[in-house]
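What follows is a set of notes on a single structure, which appears directly below.
2 protein chains.
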Amino acid sequence: MKKNKITIHDISKHLGIDSSTVSRALNDSERVSKKTKTLILNTASEMGYQRNVLASNLRKRVTNTIGVVVPRISRHFFSSVIQGVEETAYQAGYNVLICQSLEQLEREKKIIDTLVANRVDGVLISISMETMDYNHMQGLKNGGIPLVFFDRHCNIPETNNVLIDDFKGGFDATQHLISKGCKNIVHFSGPQELEIYKNRFKGYKEALNKNNIPYRKEYVISSRLMENDGFENAKKLLDSNLEFDSIFSANDVAAIAAIKYLTDKGVKIPDDVAIVGFSNEPISTVINPALTTINQPGFEMGKKATDLLLKHIKNENGLLNSQTIIMDSNLIERQSSKK
Amino acid sequence: MKKNKITIHDISKHLGIDSSTVSRALNDSERVSKKTKTLILNTASEMGYQRNVLASNLRKRVTNTIGVVVPRISRHFFSSVIQGVEETAYQAGYNVLICQSLEQLEREKKIIDTLVANRVDGVLISISMETMDYNHMQGLKNGGIPLVFFDRHCNIPETNNVLIDDFKGGFDATQHLISKGCKNIVHFSGPQELEIYKNRFKGYKEALNKNNIPYRKEYVISSRLMENDGFENAKKLLDSNLEFDSIFSANDVAAIAAIKYLTDKGVKIPDDVAIVGFSNEPISTVINPALTTINQPGFEMGKKATDLLLKHIKNENGLLNSQTIIMDSNLIERQSSKK
DNA sequence: CTGTTAGCGCGTTCAA
DNA sequence: TTGAACGCGCTAACAG
Numbered sequence: 011m012k013k014n015k016i017t018i019h020d021i022s023k024h025l026g027i028d029s030s031t032v033s034r035a036l037n038d039s040e041r042v043s044k045k046t047k048t049l050i051l052n053t054a055s056e057m058g059y060q061r062n063v064l065a066s067n068l069r070k071r072v073t074n075t076i077g078v079v080v081p082r083i084s085r086h087f088f089s090s091v092i093q094g095v096e097e098t099a100y101q102a103g104y105n106v107l108i109c110q111s112l113e114q115l116e117r118e119k120k121i122i123d124t125l126v127a128n129r130v131d132g133v134l135i136s137i138s139m140e141t142m143d144y145n146h147m148q149g150l151k152n153g154g155i156p157l158v159f160f161d162r163h164c165n166i167p168e169t170n171n172v173l174i175d176d177f178k179g180g181f182d183a184t185q186h187l188i189s190k191g192c193k194n195i196v197h198f199s200g201p202q203e204l205e206i207y208k209n210r211f212k213g214y215k216e217a218l219n220k221n222n223i224p225y226r227k228e229y230v231i232s233s234r235l236m237e238n239d240g241f242e243n244a245k246k247l248l249d250s251n252l253e254f255d256s257i258f259s260a261n262d263v264a265a266i267a268a269i270k271y272l273t274d275k276g277v278k279i280p281d282d283v284a285i286v287g288f289s290n291e292p293i294s295t296v297i298n299p300a301l302t303t304i305n306q307p308g309f310e311m312g313k314k315a316t317d318l319l320l321k322h323i324k325n326e327n328g329l330l331n332s333q334t335i336i337m338d339s340n341l342i343e344r345q346s347s348k349k
Numbered sequence: 011m012k013k014n015k016i017t018i019h020d021i022s023k024h025l026g027i028d029s030s031t032v033s034r035a036l037n038d039s040e041r042v043s044k045k046t047k048t049l050i051l052n053t054a055s056e057m058g059y060q061r062n063v064l065a066s067n068l069r070k071r072v073t074n075t076i077g078v079v080v081p082r083i084s085r086h087f088f089s090s091v092i093q094g095v096e097e098t099a100y101q102a103g104y105n106v107l108i109c110q111s112l113e114q115l116e117r118e119k120k121i122i123d124t125l126v127a128n129r130v131d132g133v134l135i136s137i138s139m140e141t142m143d144y145n146h147m148q149g150l151k152n153g154g155i156p157l158v159f160f161d162r163h164c165n166i167p168e169t170n171n172v173l174i175d176d177f178k179g180g181f182d183a184t185q186h187l188i189s190k191g192c193k194n195i196v197h198f199s200g201p202q203e204l205e206i207y208k209n210r211f212k213g214y215k216e217a218l219n220k221n222n223i224p225y226r227k228e229y230v231i232s233s234r235l236m237e238n239d240g241f242e243n244a245k246k247l248l249d250s251n252l253e254f255d256s257i258f259s260a261n262d263v264a265a266i267a268a269i270k271y272l273t274d275k276g277v278k279i280p281d282d283v284a285i286v287g288f289s290n291e292p293i294s295t296v297i298n299p300a301l302t303t304i305n306q307p308g309f310e311m312g313k314k315a316t317d318l319l320l321k322h323i324k325n326e327n328g329l330l331n332s333q334t335i336i337m338d339s340n341l342i343e344r345q346s347s348k349k
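Here the protein sequences line up with chains F and W, keeping their order. Residue numbering for the first sequence follows the working numbering, beginning at 11 and increasing consecutively. Residue numbering for the second sequence follows the working numbering, beginning at 11 and increasing consecutively.
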């Protein structure tokens, strides 16, 4: 039994004041006397009035809402980003629509259509593994809805991006292992369609190169981002009988699974295995307290991306050029308290 | 530069057909000739028309959207639930608004207000740690918006709930440890304000009782759901010099942290430590592949809760009584492949 | 400072 | 089967 909501007209009739004045009062306009304003606000709350945001948005042609699209909300990096987005957005008076593509292009398409249909004011997106172009984002452009990519971007011109220096991350991780005396460094990589994994891989190669360690392609094991891939990675590694003294993994999901698999098989994992992709993930240090990780500043990235997006939203005349912000990841070397 | 979206009126003028007919065609009404319908649909897509959902919803007084409120999207159990919710909702043609309270009552209040203001058709909620009553949910009632609690509910009558038999979970976990020969079972508990932790605790006590093992309150360490609490728990445990042969933890966050702390300190964790609260959490088995867990069917719970909510939404006359569904958790005993 | 008027874009009457 | 008219609830423009 849907109760009839009370509207500004109900308040209007009840008080004998025109609805437009009521509207102004409820919007805390300057052009209402303090007296009538408090009167209206009081009776509004007495009558249990709640603004119909739909109607308001329709009239204002603005929703004060931004959408954020991530592959999976359960991945720690992405939920950190979302937290940063929410904090920044809320402070600026914006709502946030959280959407997950589950790494599926089809879902990503639908999500974007829905966001456009709901007239969000802007969109933040980290593309799915299956996304190779941005045709499905045309709807945003047509609707004049600003778009900012973060972390996983489309490698196309004229876009706004907030990215991490993945080349440097890959380089630092590998360099760290080398300086620890490692020579046979296995690299677990991610889907090569994604720029981020390509760049981490490039960093890996460059570090080897700089240290005169030959690059051997059999030391690189690429995979999708599923837990099972980690098992497969580890299995391949063991079956190949490769001699290795360390691992640089460019993705956390597979890395965790791989470490589990190797541990199960009784293979000793070097304490200073490096993993990229954790973003302060508490789990990483649980698995191995001595693990060195390349931490990605998800929270800060969320804030920066939102800042950039809001600038675009508020600056609708298109004077703002497209722009790319590059952030640094941090190599965190932990000390185990174990002897 | 916001481009002007094209509306049904644009199509109307372009074709010389009235906008009401266009509307009907776009809604696949029976009362439009096939010929004009296809004509309209074609030109609509040619002109790049996209329905303004705001206006549509305002007019229809229905949003085809449900809100789901969880404490944290990053917790594996909750993201599993969300996945179940999304699957069920999408199939039924509903959108899902994902919201996180971050365990804060204030945020929960604001979220609910926002959901009401946006006229969602229904709400699923797992309350925050700070939520003791349901006063702030009055807005939903006033708006006639159906509400279903899942997992963490308010202990009040006349509500719809989808819950897990936490008493049984606690009992099973403890019984498992006892049957393995454990006698000194430590219990890590959660915030006692939440029914679920109370019930798991009751199950623990009942299992001890049934097996003639005296309950000792110093074996129960309660905490909030933060990583740091896990460290504190473990520290308390070590400092107390209690003799213990196993742990039954009612919450995963603290458990993971505790296990890390103990491992760091060189304390051997028994292989069959039981943990409640994982919902197939892959991490649990990484930390300790032999870990026995009480798995919570998050995905299925999300589906059931959504089913129940949708029934209420479609049955607006209030004939449907409030109802509580209890689901079972599963004790999963894993075999380590380690010798 | 307040009231009047006119839509935002759409869906649903009621006629024809 | 189609069109005309109205209104969902709110806000912006213009008066006064």
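In this text, a Cβ means the ideal position worked out from N, Cα and C, and glycines have one as well. What you are looking at is a predicted structure, and each value in this text was computed from that prediction instead of being measured.
Residue i - containing beta strand (DSSP E), residue span
{"i": "W/M311", "result": "Unbroken run through W/M311 is the alpha helix (DSSP H), 308-324; no beta strand (DSSP E)."}
{"i": "W/S199", "result": "195-199"}
{"i": "F/I16", "result": "Neither: F/I16 is in no beta strand (DSSP E) and is coded neither H nor E."}
{"i": "F/S29", "result": "Here F/S29 belongs to no beta strand (DSSP E); instead the alpha helix (DSSP H) covers 29-36."}
{"i": "W/V230", "result": "230-232"}
{"i": "W/L218", "result": "W/L218 -> not in any beta strand (DSSP E); alpha helix (DSSP H) instead, spanning 205-220."}
{"i": "F/I223", "result": "Where F/I223 is concerned, there is no enclosing beta strand (DSSP E), given that its DSSP letter is neither H nor E."}
{"i": "W/L341", "result": "340-342"}
{"i": "F/V286", "result": "284-286"}
{"i": "F/S256", "result": "256-259"}
{"i": "F/A335", "result": "For the record, residue 335 of chain F in the displayed sequence is Ile; it is not Ala. From DSSP, the beta strand (DSSP E) with F/I335 extends over 334-337."}
{"i": "W/N305", "result": "302-305"}
Inter-residue CB distance, residue i and residue j (contact presumed, cutoff 8 Å)
{"i": "F/F159", "j": "F/N170", "result": "7 Å"}
{"i": "W/S138", "j": "W/L107", "result": "W/S138 to W/L107, Cβ: 17 Å. No contact."}
{"i": "F/T184", "j": "F/Y214", "result": "5 Å"}
{"i": "F/I27", "j": "F/T46", "result": "7 Å"}
Residue i classed as buried or exposed, judged by whether at least 16 other C-beta atoms fall within 10 angstroms
{"i": "W/M311", "result": "buried"}
{"i": "F/P201", "result": "buried"}
{"i": "W/I18", "result": "buried"}
{"i": "F/Q93", "result": "buried"}
{"i": "W/V42", "result": "buried"}
{"i": "F/E96", "result": "buried"}
{"i": "F/K348", "result": "Any reading at F/K348 must be qualified, since the residue scores a pLDDT of 38, below 50, and its modelled position is unreliable; the value itself is stated next. Counting Cβ neighbours within 10 Å, F/K348 comes out exposed, since fewer than 16 surround it."}
{"i": "F/K12", "result": "Note on F/K12: pLDDT 47, under 50, position unreliable in the model; no value is reported."}
{"i": "W/N145", "result": "exposed"}
{"i": "W/R117", "result": "buried"}
{"i": "F/Y225", "result": "exposed"}
{"i": "F/L235", "result": "buried"}
{"i": "F/Q148", "result": "exposed"}
{"i": "F/V283", "result": "buried"}
Residue closest to residue i, alpha-carbon to alpha-carbon, out of the options
{"i": "W/I279", "options": "W/R85, W/G179, W/T17, W/A268", "result": "W/A268"}
{"i": "W/G308", "options": "W/S332, W/V42, W/S30, W/V80", "result": "W/V80"}
{"i": "F/K119", "options": "F/R344, F/I135, F/E343", "result": "F/I135"}
{"i": "F/I257", "options": "F/D131, F/P167, F/E140, F/T303", "result": "F/T303"}
{"i": "W/D239", "options": "W/S259, W/D317, W/D28, W/R69", "result": "W/S259"}
{"i": "W/F87", "options": "W/N261, W/Y207, W/K275, W/L319", "result": "W/N261"}
{"i": "W/A300", "options": "F/K270, F/D281, F/I323, F/L320", "result": "F/K270"}
{"i": "F/E237", "options": "F/N251, F/E216, F/L252, F/A265", "result": "F/A265"}
{"i": "F/G101", "options": "F/T75, F/T48, F/D338", "result": "The question names Gly, but residue 101 of chain F is Gln in the sequence shown. Selected option, being the one with the closest Cα: F/T75."}
{"i": "F/N152", "options": "F/P167, F/I166, F/L49, F/D131", "result": "F/D131"}
{"i": "W/L25", "options": "W/D38, W/E40, W/M57, W/K15", "result": "W/M57"}
{"i": "W/N219", "options": "W/S199, W/R234, W/F241, W/I195", "result": "W/I195"}
{"i": "F/I166", "options": "F/T334, F/E343, F/S84", "result": "F/T334"}
{"i": "W/V78", "options": "W/S55, W/A99, W/K70, W/L68", "result": "W/A99"}
{"i": "W/I231", "options": "W/K246, W/I16, W/G276, W/N222", "result": "W/K246"}
{"i": "W/V126", "options": "W/V172, W/T73, W/R82", "result": "W/T73"}
N-terminal and C-terminal residue of the alpha helix (DSSP H) that residue i is part of
{"i": "W/S250", "result": "237-250"}
{"i": "F/V263", "result": "262-274"}
* **Complete runs of the beta strand (DSSP E) confined to the region 45-118 of chain W [at least 3 residues]** => 75-80, 105-110
* Asked: Taking the runs of the beta strand (DSSP E) that are 3 residues or longer, which of them lie wholly in the region 114-186 of chain W?
  -> Uninterrupted beta strand (DSSP E) stretches at least 3 residues long and entirely within the region 114-186 of chain W occur at 132-135, 157-160, 170-174, given in chain order.
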